[in-house]
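Trainee: All you need for the numbering used here is the position in the sequence shown, starting with 1, plus 1. Glycine included, C-beta positions come from ideal geometry on N, C-alpha and C. Since the structure is predicted, the reported quantities are computational estimates derived from the model, not experimental observations.
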Amino acid sequence: MKKTPGNKKTGVLSAAIFILSTLASPLAFAQEAPNQVVIEAGEFVMGDTYCQDRQKNSDWCSDEVSHSARLGRFAIDKREVTNAQYNECVAASVCNPNAIHEFRPTDFNRPQQPVAFVTWEDAKTYCQWRKARLPTEAEWERAAQGKNPGGAYFGRPYDKGAPQDVGLLVPNANGLFDMMGNVYEWTQDWYGPYQTAEVQADPQGPSQGKEKVVRGGSWNSPSHYLRAADRVARSPELQFSDVGFRCAASLP
Ligand SMILES: [Ca+2]
Ligand SMILES: [Ca+2]
């Protein structure tokens, strides 16, 4: 094609637009940290019929009663919080050091492995230090849903296994890594039966309880726990080799 002054002008113009859009994006998304994904506000179906359909409504999964929930816009970490990240909070004298594995401490202490052996309160403190918070159970489930559940690291023997470094496998449809497997993740909510009567607006779980909800299965889990709807209750004051967390934040 013959070059004309017109072509040249278009070239300059598109370069200018490119520069403008590059400059504009950090301003437009100033509230959104690069290590997080934004989940837009909306209604979704929380829970699953898997338990009735496949497990004869067994006790371990009969808590996944399907119902509608509506959530506001929020951001959630792309990856589980790592040992390196958690240790920055410890170095800042805000977070308590996590516990170490009694027999195999080095199997859990690589900088890019997810932090484990943290209590629910430890996780909450870390997220607050980052001016964030733990995701609600509903937020976690919505973020984990989608056609592509992402890669999952699971099914390792308890006496030998450990989490792998975060973000090594394919992310889910929302761009989130390790929602399924690696470590279970503390959520904000107390464990209890779902309220299912109407569309639940930004559900926060029961106002009190004994155990907190962890989500997503872990390096040690069998595959039937690796589902977006699966719910497991754990004592918030204990530190587990298979429970870590990621943070979230409400957005306008
Ligand atoms: Ca996980
Ligand atoms: Ca359950």
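Any heavy atom of ligand 2 closer than 8 Å to the CB of Phe215?
Mentor: Your numbering for residue 215 matches position 214 in the sequence shown. Looking at the sequence shown, residue 215 is not Phe but Val. Because no heavy atom of ligand 2 lies under 8 Å away, the Cβ of Val215 does not count as near it: no.
Trainee: Using a Cβ-Cβ cutoff of less than 6 Å, which residues in the same chain neighbour Val116 once the five nearest sequence positions on both sides are dropped?
Mentor: On the sequence shown, position 115 is the one that residue 116 refers to. Here the set comprises Val82, Asn84, Tyr87, Asn99, Gly245.
Trainee: When you get a sec, list the residues whose CB is within less than 7 Å of any heavy atom of ligand 2, chain order please.
Mentor: Those residues, listed in chain order, are Trp61, Cys62, Asp64, Glu65, Asp231, Arg232, Val233.
Trainee: Measuring CB atoms only, is the region 129-145 touching the region 187-203, in the sense that at least three cross pairs come out at less than 8 Å?
Mentor: Yes, the region 129-145 is in contact with the region 187-203.
Trainee: May I ask you to check if the CB of Gly218 is nearer than 8 Å to at least one heavy atom of ligand 1?
Mentor: The residue you call residue 218 lines up with position 217 of the sequence shown. Correct: Gly218 has its Cβ closer than 8 Å to ligand 1.
Trainee: Buried or exposed for Ala249, going by 16 or more other Cβ atoms inside 10 Å?
Mentor: Taking the sequence shown and counting its residues from 1, one reaches residue 249 at position 248. Answer is buried; the Cβ neighbour count reaches 16.
Trainee: So, for Thr197: in the same chain, excluding its five sequence neighbours on each side, which residues have a beta-carbon less than 7 Å away from its beta-carbon?
Mentor: What you label residue 197 is simply residue 196 of the sequence shown in a count that begins at 1. Cβ neighbours of Thr197 beyond the five flanking positions: Val66, His68.
Trainee: Assuming contact is defined by CB atoms lying nearer than 9 Å, are Tyr229 and Gly217 in contact in what I supplied?
Mentor: Taking the sequence shown and counting its residues from 1, one reaches residue 229 at position 228. Taking the sequence shown and counting its residues from 1, one reaches residue 217 at position 216. With the sequence shown as reference, residue 229 is identified as Ala, and Tyr is not the correct amino acid for it. In contact: Ala229 and Gly217 (Cβ atoms closer than 9 Å).
Trainee: Of all the alpha helix (DSSP H) runs that stay within the bounds of the region 121-201, which reach a length of 4 or more residues?
Mentor: Listed in chain order, the complete alpha helix (DSSP H) runs (minimum 4 residues) inside the region 121-201 are 121-130, 138-145.
Trainee: Measure how close the beta-carbons of Asn221 and Arg157 come, nearest whole angstrom, since I'm counting them as under 8 Å.
Mentor: Start at 1 with the first residue of the sequence shown, and residue 221 comes out as number 220. Start at 1 with the first residue of the sequence shown, and residue 157 comes out as number 156. Asn221 to Arg157, Cβ: 6 Å. Contact.
Trainee: At which residues does the beta strand (DSSP E) containing Arg71 begin and terminate?
Mentor: The residue you call residue 71 lines up with position 70 of the sequence shown. 68-72 is the span of the beta strand (DSSP E), which, as asked, contains Arg71.
Trainee: Could you check which residue in Pro207, Met181, Pro237 has the C-alpha nearest to that of Leu227?
Mentor: Taking the first residue of the sequence shown as 1, we reach residue 227 at position 226. The residue with the shortest Cα to Cα distance from Leu227 is Met181.
Trainee: Let me know the secondary structure DSSP gives Ala85 once reduced to three states.
Mentor: Taking the first residue of the sequence shown as position 1, residue 85 is located at position 84. Ala85: helix per DSSP, three-state reduction.
Trainee: Arg55 to Ser242, Cα distance in whole Å?
Mentor: Walking along the sequence shown from the start, residue 55 turns up at place 54. Walking along the sequence shown from the start, residue 242 turns up at place 241. Straight-line Cα distance between these residues: approximately 29 Å.
Trainee: Ala174 to Ala144, Cα distance in whole Å?
Mentor: Here residue 174 refers to the residue found at position 173 of the sequence shown. Here residue 144 refers to the residue found at position 143 of the sequence shown. Those two C-alpha atoms are separated by around 9 Å.
Trainee: Assuming Asp160 and Gly168 are in contact, meaning their beta carbons sit under 8 Å apart, how far apart are those beta carbons, in whole angstroms?
Mentor: Residue mapping note: residue 160 aligns to position 159 of the sequence shown, counting from 1. Residue mapping note: residue 168 aligns to position 167 of the sequence shown, counting from 1. About 26 Å; that fails the 8 Å criterion.
Trainee: Beta carbon of Glu186: closer than 8 Å to some heavy atom of ligand 1?
Mentor: Counted from its first residue, the sequence shown places residue 186 at position 185. Yes.
Trainee: At a cut-off of 8 Å, would you count Val66 as near ligand 3, judging by its Cβ distance to the nearest heavy atom?
Mentor: As far as ligands go, the structure on display features ligand 1 and ligand 2 and does not contain ligand 3.
Trainee: Please determine whether the Cβ atom of Asp179 lies at a distance below 8 Å from any heavy atom of ligand 1.
Mentor: Taking the first residue of the sequence shown as position 1, residue 179 is located at position 178. The answer is yes for Asp179.
Trainee: Pick from Asp64, Glu103, Arg105: whose alpha carbon is nearest that of Met47?
Mentor: Working through the sequence shown from its first residue, we reach residue 47 at position 46. Out of Asp64, Glu103, Arg105, Asp64 has the C-alpha closest to the C-alpha of Met47.
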